[in-house]
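Protein chains in written order, with the numbering used here: chain E, 1 to 385; chain V, 386 to 770.
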């Protein structure tokens, strides 16, 4: 299958590109390096100095005997190039990961909020038009986030909800309550994509993903140049990755607020499998299909306890600190999200076991000297404007 | 009260500015003339050659003895100027009408869809930050549209809906199903604004307005230079205004599709009153308040019949033609929207009576020679991409 991966240089995009390439798919990567640019601007860096995209691809092609191609392109700023890529490559599937992925970045200030919504929303809108122009039958797999839903007091269904109201009923998009201007940008995308499905017959799968964690995949282990970018900073570091890094350094685990906040989580290798499942079973024409892409729900306190337990088994000094919550978010809330589509299609879930945490701690121990503990504490405050 | 009117040169903005000025409010207009620019690009023009904003304001200030001020500014492209306006003027209320208002324009092609979402969504996002920086207590009254909701098979509540689901319940934003990339832009705005209320304590009233009709207001009648821009073309002409123009010329009324489509309508002078009501009773801090701003629901066929009846009483030859629907939209659908907030706060509704249609026909008869009937038929087709 011909798979176009937009944002193929990222934390998910790069391992996904290798994974699908190894499975025999013809992979073409597009990236504009916005994330690397923001890293430089914000002074944050990956712990494991991932190679440039050129070197990654060169190494992969040598090591695997497969062939990934790529184009450097900004889909939000250069629609003509995007049109040409779709016209020339004629993909069967497009995996769209080309979005600014950080909630804290989007809350830094006006220009970062604007950058986020411009890159994400206008980039996706350009993509919708490029698909309509050159490959209207393509299956678009788009990365959304569980954070679009917020924390409603009812169960979170997979994108759509059947509502009974005043003696009538309809199945409508699940109401959203995003927690940042980044999360809002993903809500906007979903709105635009659902319209394109309903109006033009596009086929879209929106993957509302939980918080990802993980350091390596089967493919990344094949050569050091294939390392996956690993962030632990407040801008790009997700919570489990940050806790594991803190534990490695003997720094207390920094729990935001009282730690009762519950979120959905997924292991990086499961993400790759989920995308594979989605492209193997495409959405129908006119279908805006939503998968809630996670494998378990945990509170921040539960995460911290799990990491602390694993750390202690290695004789790490692990303590837990509750710090002032930099975000405006509910604590002590109800949270229960449905996720049945992906398991029904064959996802065999991985859980955050002690062994898995130990494996991640072991990986990080090699990079101990590169950790900058000043990056643990949140500087971006939701109220700071 | 100090009222900042963004988009004060438009079909609603201009009569609203005069109305609130006459009521003794201190009105400051901001506009970037995007609508006049699109008029020129698309080769469509108002029937009644409205004056430039400078001449309008000069005439108003002379005729009324009041004083409207203005600044030419693009709130989506020039946030610094927007910040300065808010800092200097320190408004009590901001009425935000500075959005590209045409669904067909947004469906012309990629660049028009991008222009619409960039101008509307990023402009509103800049405004949110400008408010946070310089007047976080201000009451923002934002023009939304009933078209955000689409045509669900349940009653449309005012912005929020109480949902009972699997034994639990919550009150959440009403699910949206916008009918164009323009309507989607307003959904995005609502998402961003609700986040700003929830997170920063902003106070916002979102006016989800029905289709507006009307030619004059009490203020516009005071001098020819104060005329309100009147469009009948497919880009900016709303359906009742187009039907009345067609009847004036003896052209058949162009009903899209089978005409069963039902929408909500409101008379231009009622719009002014609704905005006045909103600014007199501001939303609370942290409140994202939504009013469904319309006074009656009618099918397109009912509209056509009413206009035909009035036209015949003037011995106009009025026929009705069903033409191919250029839009992708439901026909024969359920539609019932709630609107109780505005009547409860004092709105005394105007209805589309025979007398009102006759008054509009009379106004238009003076401009009969300026009507270009080639602008009646829709050229923008939702499927044309």
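Even glycine gets a Cβ: it sits at the ideal position worked out from N, Cα and C. This one's a predicted model, so the numbers in the text were calculated from it and none came from an experiment.
Cβ pair residue i, residue j closer than 8 Å
i, j, result
"residue 386(E)", "residue 316(E)", "With chain E covering 1 to 385 only, the question about residue 386(E) has no answer from this structure."
"residue 520(V)", "residue 467(V)", "no"
"residue 278(E)", "residue 207(E)", "yes"
"residue 429(V)", "residue 620(V)", "yes"
"residue 498(V)", "residue 487(V)", "no"
"residue 554(V)", "residue 507(V)", "no"
"residue 477(V)", "residue 403(V)", "no"
"residue 244(E)", "residue 47(E)", "no"
"residue 53(E)", "residue 275(E)", "no"
"residue 156(E)", "residue 304(E)", "no"
"residue 191(E)", "residue 364(E)", "no"
"residue 536(V)", "residue 715(V)", "yes"
"residue 512(V)", "residue 481(V)", "yes"
"residue 544(V)", "residue 528(V)", "no"
"residue 523(V)", "residue 479(V)", "yes"
"residue 636(V)", "residue 752(V)", "no"
Residue i versus residue j - alpha carbon distance
i, j, result
"residue 501(V)", "residue 484(V)", "8 Å"
"residue 7(E)", "residue 36(E)", "11 Å"
"residue 179(E)", "residue 49(E)", "30 Å"
"residue 176(E)", "residue 609(V)", "47 Å"
"residue 556(V)", "residue 546(V)", "5 Å"
"residue 222(E)", "residue 63(E)", "8 Å"
"residue 388(V)", "residue 414(V)", "9 Å"
"residue 683(V)", "residue 657(V)", "21 Å"
"residue 313(E)", "residue 110(E)", "45 Å"
"residue 217(E)", "residue 141(E)", "21 Å"
"residue 183(E)", "residue 342(E)", "22 Å"
"residue 265(E)", "residue 146(E)", "9 Å"
"residue 423(V)", "residue 615(V)", "15 Å"
Close-in-space but distant-in-sequence residues of the same chain around residue i (CB under 7 Å, 5 per side omitted)
i, result
"residue 301(E)", "255, 259 and 260"
"residue 711(V)", "641, 763, 765, 766 and 767"
"residue 730(V)", "662 and 666"
Counted within 10 angstroms of its Cβ, other Cβ atoms place residue i as buried (16 or more) or exposed
i, result
"residue 765(V)", "buried"
"residue 473(V)", "exposed"
"residue 241(E)", "buried"
"residue 566(V)", "buried"
"residue 612(V)", "buried"
"residue 703(V)", "buried"
"residue 450(V)", "exposed"
"residue 736(V)", "exposed"
"residue 571(V)", "buried"
"residue 552(V)", "exposed"
"residue 21(E)", "buried"
"residue 380(V)", "Only positions 386 to 770 of chain V appear in this structure, which leaves residue 380(V) out of reach."
"residue 395(V)", "buried"
"residue 409(V)", "exposed"
Three-way DSSP call (helix, strand, coil) for residue i in this model
i, result
"residue 598(V)", "strand"
"residue 296(E)", "strand"
"residue 172(E)", "strand"
"residue 459(V)", "coil"
"residue 669(V)", "coil"
"residue 228(E)", "coil"
"residue 353(E)", "coil"
"residue 418(V)", "coil"
"residue 545(V)", "strand"
"residue 645(V)", "coil"
"residue 411(V)", "strand"
"residue 568(V)", "helix"
"residue 149(E)", "coil"
"residue 304(E)", "helix"
"residue 98(E)", "coil"
"residue 775(V)", "Not covered by the structure: residue 775(V). The range shown for chain V is 386 to 770."
"residue 526(V)", "strand"
Beta-carbon contacts of residue i that lie in its chain and below 6 Å, excluding the five residues immediately before and after
i, result
"residue 263(E)", "211"
"residue 674(V)", "590 and 668"
"residue 340(V)", "Absent from the structure is residue 340(V), since the part of chain V shown begins at 386 and ends at 770."
"residue 739(V)", "695"
"residue 328(E)", "382"
Contacting residues, own chain, Cβ-Cβ under 8 Å from residue i (five flanking each side not counted)
i, result
"residue 201(E)", "136, 285 and 286"
"residue 308(E)", "247, 253, 318, 319 and 320"
"residue 71(E)", "28, 29, 30, 81 and 85"
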